[in-house]
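Numbering (the numbering used here), first residue to last: -4 to 182.
From the three backbone atoms N, C-alpha and C, an ideal C-beta is built for every residue, glycine too.
This report concerns only the one structure given below.
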Amino acid sequence: MTEEIIFILDSTKESMNGSVAHLEKSFLNIRAGKASPQMLGSVFVDYYGSQTPLSQVANVNTPDARTITVTPWEKAMLHPIEKAIMIANLGFNPMNNGENIIISVPPLTEERRKDLVKQAKAEAEDAKVSIRNARKDANTDIKKLEKEGTSEDICKTAEDDVQKLTDSFIKKIEEHLAIKEAEIMKV
-4 MTEEIIFILD STKESMNGSV AHLEKSFLNI RAGKASPQML GSVFVDYYGS
46 QTPLSQVANV NTPDARTITV TPWEKAMLHP IEKAIMIANL GFNPMNNGEN
96 IIISVPPLTE ERRKDLVKQA KAEAEDAKVS IRNARKDANT DIKKLEKEGT
146 SEDICKTAED DVQKLTDSFI KKIEEHLAIK EAEIMKV
């Protein structure tokens, strides 16, 4: 195999890995009824005039499966953090006890679970489209090499390798989706 084809395969694999990593990250934002610090990952607090991620002004913990506690490093930040959580529109009702902020994560209804599964499937489909685009780009590059004089057999083998890569990454996405779906639907 030529150096160009090895490069194409490596960059395709890297692109597909990026798609799976993005899917995993977006799955973290889909809450499955169990409290986790990532649920507040999108919250930004007004910290002395600049928008700062919540994790940089407070300690976020989950003492149990239904509770998130936010302990600010400065007492003066209690109200701005509480306000930021409300503004983030996450469906949480933060309670301030003077020391920290306690968020009770409500249990999901059956309907909400189904909506979250649809959302997860949409994210997985986006990842599959991204992987197919990477395959298309790789195959286009391989065709260019064939026109430039690379042997037909080498190009055919490279296209087969790209297809194997695509199949394995699509399978990974399906596995991630199945795990997330089971997690969401588990009461």
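query, result
"Evaluate the contact criterion for the segment 161 to 176 versus the segment 89 to 99: three or more CB pairs, one atom per stretch, below 8 Å.", "no"
"Out of Lys175, Ser50, Ser21, point me to the one whose CA is closest to Pro32's CA.", "Ser50"
"How do the segment 36 to 52 and the segment 120 to 140 stand: do at least 3 beta-carbon pairs fall below 8 Å, yes or no?", "no"
"In terms of residues, what are the limits of the alpha helix (DSSP H) holding Pro67?", "Counting along the chain, Pro67 falls outside any alpha helix (DSSP H), though it belongs to the beta strand (DSSP E) covering 62 to 67."
"Are the beta-carbon atoms of Asn54 and Pro75 separated by less than 9 Å?", "no"
"Measuring only the C-alpha atoms, how far is Glu120 from Arg108?", "18 Å"
"Check the DSSP bridge columns for Met90 and list the partner residues they point to.", "Ile97"
"Specify the secondary structure class of Thr57 as computed by DSSP and reduced to three states.", "strand"
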